[in-house]
Amino acid sequence: MDRRRRGRRRRPGHRRVRRRTHHPRAGRGIVNDDPAATAAPDTEEGTLDVPVAELRPSLEAVLMVVDQPLDAVSLATAVGHPVEEVVAALQLLAEEYTEQGRGFELRNVAGGWRYYTREEYAVVVEGFVLDGQQARLTQAALETLAVVAYKQPVSRARVSAIRGVNVDGVMRTLLARGLVEEAGQDAETGANLYRTTGYFLERIGVTSIDELPELAPYLPDMDDFEDELSGMSSSVATSAPVDEPAAAGSES
Numbered sequence: 006m007d008r009r010r011r012g013r014r015r016r017p018g019h020r021r022v023r024r025r026t027h028h029p030r031a032g033r034g035i036v037n038d039d040p041a042a043t044a045a046p047d048t049e050e051g052t053l054d055v056p057v058a059e060l061r062p063s064l065e066a067v068l069m070v071v072d073q074p075l076d077a078v079s080l081a082t083a084v085g086h087p088v089e090e091v092v093a094a095l096q097l098l099a100e101e102y103t104e105q106g107r108g109f110e111l112r113n114v115a116g117g118w119r120y121y122t123r124e125e126y127a128v129v130v131e132g133f134v135l136d137g138q139q140a141r142l143t144q145a146a147l148e149t150l151a152v153v154a155y156k157q158p159v160s161r162a163r164v165s166a167i168r169g170v171n172v173d174g175v176m177r178t179l180l181a182r183g184l185v186e187e188a189g190q191d192a193e194t195g196a197n198l199y200r201t202t203g204y205f206l207e208r209i210g211v212t213s214i215d216e217l218p219e220l221a222p223y224l225p226d227m228d229d230f231e232d233e234l235s236g237m238s239s240s241v242a243t244s245a246p247v248d249e250p251a252a253a254g255s256e257s
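Per this note's numbering, the sequence shown starts with residue 6, numbered consecutively.
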């Protein structure tokens, strides 16, 4: 076998992606009577060896926990690979999800990448969320809701720090239930801030946050307030806790 051909063998887990580079002389109206010159293509084709198998788990893990589309530069920084490789890997992953008929898709929206429910399964998700409104909140959700209520507006990272656990899954549940909502971004860090909603006040029977009972400053020592919040589900038939599945390593 020719050594040159053998040297081009693709490494396991890598995929080659064609890339086109615009020819510097193309489209400038240059007249040249040399047939060889005029026959030259206006693009040069090359390939990019993308380590998809290596990038896939890292990209999927990061995209699983983002609240808003994440740009390629931020993703490249997070996974420690060149932006060009990351963009190519993201495009390949998006194609694979579509080919495999997954219930979600990876989209590039507003300059950033994020997972979205595939449109044809929107009805299924809607039914699940509406049914979930009738299920009791877990103890973890009640405690997280209390932190938001007393510290609002507060970032998700701050809530996690106070509780000492990852609250990504719980926060998604509270958002889906309409008990908390986004309240802008932190001026220093740019992190999303969260606050309780009017629906939350309605469920616990008060008209404003000022009417919430006094609470010791060291959260989550909140036995008294947990009793208040537990009343939120007193009118609902008791059922097994149903919370949105959390990302790996997060609490639900």
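For glycine and all other residues, C-beta sits at the position ideal for the given N, C-alpha and C.
Margin query: In the DSSP assignment, the beta strand (DSSP E) including T122 goes from what residue to what residue?
Written below: Translated into positions along the sequence shown, residue 122 becomes position 117. Segment 117-122, the beta strand (DSSP E) holding T122.
Next item on the list: State the beta-bridge partners of S160 as determined by DSSP.
Entry: For the purposes of this step, residue 160 is taken as residue 155 along the sequence shown, with counting starting at 1. Per DSSP, L198.
Notebook entry, point to check: Would the segment 70-77 and the segment 103-117 be scored as touching if the rule is three or more Cβ pairs under 8 Å?
Noted result: yes
Item checked: From L147, I214, V78, E193, residue whose alpha carbon lies closest to that of L179 -> Stepping through the sequence shown from its first residue, residue 179 is reached at position 174. Out of L147, I214, V78, E193, L147 has the C-alpha closest to the C-alpha of L179.
Checklist line | Cross-strand partners of L75 (DSSP beta bridge) | finding: As a first step, residue 75 is located in the sequence shown; it is residue number 70 there, counting from the start. According to DSSP, which records beta bridges pairwise, L75 is partnered with W118.
Margin query: Taking 8 Å as the cut-off, does the segment 144-160 touch the segment 126-134 (at least 3 CB pairs, one atom from each stretch)?
Written below: no
Check: Whose C-alpha, out of L142, R119, R107, is nearest the C-alpha of E125?
Finding: Residue numbering aside, residue 125 sits at position 120 when the sequence shown is read from its first letter. Among L142, R119, R107, the Cα nearest to that of E125 is on R107.
Check: Would you say L4 and W118 are within 8 Å of each other, going by their C-beta atoms?
Finding: Examination of residue 4 is not possible in this model, given that the chain is present from 6 through 257 alone.
Next item on the list: Would you mind giving the Cβ-Cβ distance between L97 and L80, rounded to the nearest angstrom? I have them listed as a contact below 8 Å.
Entry: The residue you call residue 97 lines up with position 92 of the sequence shown. The residue you call residue 80 lines up with position 75 of the sequence shown. Not confirmed; about 14 Å, so no contact.
Check: Would A93 be called buried (16 or more neighbouring beta carbons within 10 Å of its own) or exposed?
Finding: In the sequence shown, residue 93 corresponds to position 88, counting from 1. A93 should be labelled buried.
Next item on the list: Please work out which residues of its chain come closer than 7 Å, Cβ to Cβ, to G183, disregarding the five sequence neighbours upstream and downstream, and give them in chain order.
Entry: Start at 1 with the first residue of the sequence shown, and residue 183 comes out as number 178. Here the set comprises T202, Y204.
Notebook entry, point to check: So M176 packs on R161, CB below 8 Å; how close in whole Å?
Noted result: Here residue 176 corresponds to residue number 171 of the sequence shown, with the count starting at 1. Here residue 161 corresponds to residue number 156 of the sequence shown, with the count starting at 1. Right, the Cβ-Cβ distance comes to about 6 Å (below 8 Å), so this counts as a contact.
Note to self: Within a Cβ cutoff of 8 Å, which residues of the same chain sit near I214, ignoring the five residues on either side of it in sequence?
What the structure shows: Sequence index remark: in the sequence shown, residue 214 carries index 209 (1-based). Correct list, in chain order: A154, Q157, T201, L206.
Next item on the list: Please report how far the alpha carbon of A181 lies from the alpha carbon of A99, in whole angstroms.
Entry: The residue given as residue 181 occupies position 176 in the sequence shown. The residue given as residue 99 occupies position 94 in the sequence shown. Their Cα atoms are separated by approximately 26 Å.
Checklist line | Same chain, Cβ closer than 8 Å to R123, five either side skipped, listed in chain order | finding: The count along the sequence shown starts at 1 and reaches residue 123 at position 118. So the list reads R107, G108, F109, E110, once near-sequence residues are dropped.
Next item on the list: Note the first and the last residue of the continuous beta strand (DSSP E) segment covering Q105.
Entry: As a working mapping, residue 105 is identified with position 100 in the sequence shown. From DSSP, Q105 is part of no beta strand (DSSP E); its letter is neither H nor E.
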